[in-house]
Amino acid sequence: MALLDQIRIVIPHRLETRSLILLSLALVLFLLPILQVVSDGYNYVLHVLMVIFMYIALASGWNIIGGYAGYTSLGHPVFFALGAYFSGVLLVYRGWSPFWTAPIAGLVATLFGFAFGLVALRTRGPAFVISTIALLLLARLILDNWEWVGGSNGLSLPMIGWPYRLYKIPFYYGMLLTALLAMWVSYRIRHSKLGLFLRAIAMDETKAEVAGINTRMCKVIAFAISAFFAGICGALWGYQQTYLRPTIFLTIGAAADLVLINLVGGRGTVAGPVLGAALRVGLDELVVNQFGSTELNITATGLLMILIVLFFPGGIIGALRERQRLPRLLDWD
Amino acid sequence: MSILELEEISAGYGMGPDILNRVSIRFEAGLIHCLIGPNGAGKSTLLRVIAGLLRPRSGRVLLEGKVISGLRPDQILAHGICLVPQDRSLFPDMTVRENLLMGGYIERDQRQVSRRIDEVLEIFPEVRRHLNHRAGTLSGGEQQMVAIARGLMIHPRVMMLDEPSLGLAPLVVDRIFEAISRLKTLGITVLIVEQNVRKGLVYADRGYVLDMGHLSFEGPAREVIEDPRLQELYLGRMVLSNREGQR
Amino acid sequence: MTSGLQILILGLALGGVYALMAIGLSMTYGVMRILNLSHAAFMVLGAYLAYWALQILRIDPLVSILINGPLFFIFGIILYRILFVPLAGRPRYTEATLLLSFGLALSIEGMMGALWTGIYRLANPPYATRSLAFGSFYIPEGQMYATAASLWILTALWGFLQKTRFGRAIRATMQNRTAAQIVGVNVERISALAFGLGMASAGISGSLLSFLFPFFPGKHWQWISILLSLVVLGGMGSLIGTVVGALMLAVASVYVSSILGPTWSPATFYAALFLVLMIRPQGLFGKREV
């Protein structure tokens, strides 16, 4: 505590303990790769953290349309794949590094999301989720049969030219920055007019419309922003994997992951997807990798989803808040 | 002898505030009762509570001394209480005949139901020529007639009508109220909620004035029309709402 | 390249089956505003049951309709009572039902995968490989039986909905839930009945699916999006719309398949869905906003 007090004197703004803890956590995460540089053996830790960052970015992005606006999307793997193939193709055919093209991949996903949203979000309610399933399957069909990008066999990417000991580090930082950006954007939207409108839409779209909100545009913008993060993550993840194949990106299981992470953590809250992502990857490393059965994995995902919808519709954050037990550390709304 | 009695009823929607606040009313058998009051006074809510569509938060509804609050809508209907809601609530894609059949839904004996249709058509002969038309294609007045006829299918003891004149031309309104008077001759107790205060009270035996979820006052309809408190209630509101309109 | 009339014959025959597959989905949405994403998963489950009934017990898939129908009906009512009744009165009810049924679909998919692995199956009754010729046109014998069975069941369903007390109550609840309550329909019981009927149609469709189309556990996602596409085209909650949508899209998909190859025939449905959302979001027979 004494140290915290001292820092408080050094830093001119008044910072709460909560922000200090979170900032120091971010600092630790930023400095962590030094360990790997100094002594090998931390690649596994860096990898797991990188995957957590990726899911944080993906799930926080999903939450903008799926949580704030309440429009469940099962189409986000398409943006993920779009980013991966966009940057991957530029790498293979032009030699451009995905680290530079990832933000552009994000923008391409945003543009595509905007265009698709204009069509799919014209109506209220369930037609949207139907159209996102169709989008996912259509994208899968196209990529499976498009030989220029490798068809169903996929596309192999050249490895990043870094020594083995260091090669995780750029991906680690890339995903960390994306995750921080996603959390920041999610927080800002939650506290903006757009966020207010989106939550009004989630509660009662007809009333929101009557109140003069251009609900369609709000939804489309939320959807487009949400696609951005999936695009960036896809670009980085594909490069990291060194091959692109429709089966690893375009599955309902991947879409279910994002839904489940948000449901577990708490849909429509800033901290929910972050918490959910950490739990999802952590559990995966601890439990699923030990047994490694995909069928059980799918069944467990499904059962968990049913239980949460029935008993904890607000997820962990929602359940804690309802009981007034939510620690300040996790109250980011 | 009161047929229907509300005891200290409080009710509201979802997590919202009480729309009705400890309302107690008695309705007399065989009379036409007209409930009036400004918007949001809780008139429609009162009818919904009696019909069992909304469970009261506290208080009881008694039919001839027996508690009926807490029963399902279909059970309350089986006790002979029917509701004709504000939007008429017909089945738009069904024919008028099918709508009448649905009116007799709780009667399992289909021959009994067809006999009732004939009876109802005798009381409301004007409905007969629309029998095979889809309900959604009828005019507002015709729909109201069908809705009342459909309510009659269960031989109700109490019929509740929520704003039967809403959106209808004056001439049509007269026809509807004339039809409501026919209900009285059948011995049915009638509860009307009416925006059109004068018209409602002219046809009614008793008037009840609701305001802000309370029963403000009641009495024989003729006296309620003349009551200065009524004018105060409506005029006061009018001045207020005019002022808000200018803002 | 097949002739236009041949395409029409095959398409309409296929459409009859699609209509049966989708009718339960449409009814469940219409009556209760439940968007049942697990409908096709139950269909595939029904296909597995029919497949094993043929393999082990030598029961013809067409006969297994008589088993699957009642079985899934009862199962549906139980499922409705356990899973969907607790959701009643929730804000954003349809959204909750779609998440719940999404979880249900995943559970069933995983369970089927664990039990019967991911390999393709196709029941092989004697008529599956035969074709009937009418002049210069042909129709696969299995397809003809499946279509006949579908049309027969759809007609029976139509009669039930038009002529019986419970059938009318189902239609009434679809058109105006409050009004149905007002005339004394116990909408909870009617909802359970409608859900059971929807599931029964999924089970029966599964019997037909088992010998018409190769299937594996994950296949249901393609089916559900095909079925939902034609439900949206017809107008969500409109039963007539669903049948018309099924016939139209089936013909279109057979046409696309004859030009671009069978790989692309599912794309017909997705493209149609996007077109509908662009041009007429409420669908052909839809009235209220979706």
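Residue numbers (full-length UniProt numbering), protein chains in the order written: chain A, 1 to 333; chain B, 1 to 247; chain C, 1 to 290.
Glycine residues also receive a C-beta, built at the ideal position from the N, C-alpha and C atoms.
Original post:
Would Arg122/A count as contacting chain C if we go by Cβ distances under 8 Å?
Top reply: yes
Original post:
Count the other CB atoms within 10 Å of the CB of Ser181/B; is the residue buried (16 or more) or exposed (fewer)?
Top reply: exposed
Original post:
Do Leu47/B and Leu191/B come within 8 Å of each other at the CB atom, strictly closer than that value?
Top reply: yes
Subject >> Rounded separation between Asp333/A and Leu196/A - CA only >> reply: 12 Å
**OP:** Would you mind telling me which residues of chain A sit closer than 8 Å to Gln222/C, beta carbon to beta carbon, in chain order?
**Re:** Contact of Gln222/C with chain A by beta-carbon distance below 8 Å involves Leu137.
Original post:
What residues in the stretch 259-271 of chain C bring their beta carbon closer than 8 Å to a beta carbon of chain A?
Top reply: Thr263, Trp264, Pro266, Ala267, Phe269, Tyr270, Ala271
Original post:
Candidates Ser150/C, Ser136/C, Gly135/C: which alpha carbon is nearest residue 291/C's?
Top reply: Residue 291/C lies beyond the range of chain C shown here (1 to 290); nothing can be said about it.
**OP:** Please check if any C-beta of chain B sits within less than 8 Å of the C-beta of Val185/C.
**Re:** yes
Subject >> Sub-8 Å separation of Ile68/B and Gly42/B beta-carbons >> reply: no
Original post:
Contact between the stretch 197-214 of chain A and the stretch 81-94 of chain A: three or more CB pairs below 8 Å?
Top reply: Fewer than three beta-carbon pairs drawn from the stretch 197-214 of chain A and the stretch 81-94 of chain A are found closer than 8 Å, and the two stretches are therefore not classed as touching.
Subject >> Contiguous alpha helix (DSSP H) assignments of at least 4 residues, all confined to the stretch 141-212 of chain A >> reply: Those alpha helix (DSSP H) runs which fall completely within the stretch 141-212 of chain A and span 4+ residues are 168-190, 193-203, 205-210.
Subject >> Cβ-based burial, Trp146/A [other Cβ within 10 Å; buried from 16] >> reply: exposed
Subject >> Contact with chain C by Leu296/A, beta-carbon distance below 8 Å >> reply: It does; some Cβ of chain C falls within 8 Å.
Original post:
Would you say Met32/C touches the ligand ZN, meaning its beta carbon is less than 7 Å from a heavy atom?
Top reply: Inclusion of the ligand ZN in the displayed structure is not the case, the ligand content being empty and no account of it being possible.
**OP:** Compute the Euclidean distance between the alpha carbons of Gly272/A and Gly67/A, then round it to the nearest angstrom.
**Re:** Per the coordinates, the alpha-carbon of Gly272/A lies some 10 Å from the alpha-carbon of Gly67/A.
Subject >> Among Val185/A, Phe228/A, Leu303/A, the one whose alpha carbon lies nearest that of Val270/A >> reply: Val185/A
Subject >> Helix, strand or coil at Pro77/A [DSSP, three-state] >> reply: helix
Original post:
Tyr13/B by DSSP, collapsed to three states: which one?
Top reply: coil
**OP:** Please name the residue in Val31/C, Phe216/C, Gln181/C, Val251/C whose C-alpha comes closest to that of Leu83/B.
**Re:** Gln181/C
Original post:
Can you list, in chain order, the residues of the stretch 172-196 of chain C whose Cβ is nearer than 8 Å to any Cβ on chain B?
Top reply: Ala172, Gln175, Asn176, Thr178, Ala179, Ala180, Gln181, Ile182, Val183, Gly184, Val185, Asn186
Subject >> Boundaries of the alpha helix (DSSP H) in which Gly231/A is found, first to last residue >> reply: 215-241
**OP:** Take every Cβ of the stretch 176-185 of chain A, pair it with every Cβ of the stretch 114-131 of chain A, and state whether three or more of those distances are shorter than 8 Å.
**Re:** They do not touch, by the three-pair rule.
**OP:** Quick one: list the residues of chain B neighbouring Arg33/C, beta-carbon separation under 8 Å, in chain order.
**Re:** Under the 8 Å cutoff, chain B gives no residues; its nearest Cβ is about 17 Å from Arg33/C.
Original post:
Is Val5/B helix, strand or coil by DSSP?
Top reply: According to the sequence displayed, residue 5/B carries Glu and not Val. Strand.
**OP:** Using a Cβ cut-off of 8 Å (strictly closer), state whether Arg130/C contacts chain B.
**Re:** no
Original post:
In the stretch 74-97 of chain C, which residues sit with their C-beta less than 8 Å from some C-beta in chain B, listed in chain order?
Top reply: none
**OP:** Kindly indicate if chain B contains any beta-carbon less than 8 Å away from that of Ala169/C.
**Re:** yes
Original post:
What does Ser107/C touch in chain A if you count any residue whose Cβ is under 9 Å from its own?
Top reply: Ile298, Thr299, Ala300, Thr301, Gly302, Leu303, Met305, Ile306
**OP:** Kindly list, in the order they appear in chain C, the residues whose Cβ is closer than 8 Å to that of Ser89/B.
**Re:** Asn176, Thr178, Ala179, Ile182
Subject >> Neighbourhood of Val239/B by C-beta distance below 7 Å, restricted to the same chain and skipping five residues each side >> reply: Caution applies to Val239/B, whose pLDDT of 48 falls short of 50 and renders its modelled position unreliable; the value that the coordinates give is listed next. Hits under 7 Å: none found.
Original post:
Going by DSSP, which residues form a beta bridge with residue 314/C?
Top reply: With chain C represented from 1 up to 290, any question about residue 314/C goes unanswered, as that position is not in the structure.
Subject >> Span separating the alpha-carbon of Leu260/A from that of Ala172/C >> reply: Taking the straight line from one Cα to the other gives about 36 Å.
Original post:
For the alpha helix (DSSP H) that contains Asn68/C, what are its first and last residues?
Top reply: That run of the alpha helix (DSSP H) goes 61-79.
Subject >> Gly117/A beta carbon less than 8 Å from that of Ala230/A >> reply: no
Original post:
Counting contacts by CB-CB distance shorter than 8 Å, is Leu83/B in contact with chain C?
Top reply: yes
**OP:** Have a look at Leu171/B, Leu161/B, Ile148/B, Ser89/B and flag the residue whose alpha-carbon is nearest the alpha-carbon of Gly136/B.
**Re:** Ser89/B
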